[in-house]
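Numbering (my numbering), first residue to last: 7 to 41.
The structure is reproduced here in structure tokens:
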């Protein structure tokens, strides 16, 4: 799977990067929220 960047380039999806970003945003939320 690929993602299309704003400048039109295609890059492979890196789910690790997405999960890491969600974990950072999730910090301090209710313990029931699990990314």
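A virtual CB, placed ideally from N, CA and C, is assigned to each residue, including glycine.
Tell me the DSSP secondary structure of residue i in three-state form.
| i | result |
| --- | --- |
| residue 11 | coil |
Measuring alpha carbon to alpha carbon, tell me which of the options ends up nearest residue i.
| i | options | result |
| --- | --- | --- |
| residue 22 | 16, 38, 30 | 30 |
| residue 8 | 19, 14, 32 | 19 |
Which residue comes first and which comes last in the alpha helix (DSSP H) that contains residue i?
| i | result |
| --- | --- |
| residue 32 | 21 to 32 |
Measure the C-alpha to C-alpha separation of residue i and residue j and round it to an integer number of angstroms.
| i | j | result |
| --- | --- | --- |
| residue 25 | residue 37 | 17 Å |
| residue 35 | residue 14 | 35 Å |
| residue 10 | residue 28 | 20 Å |
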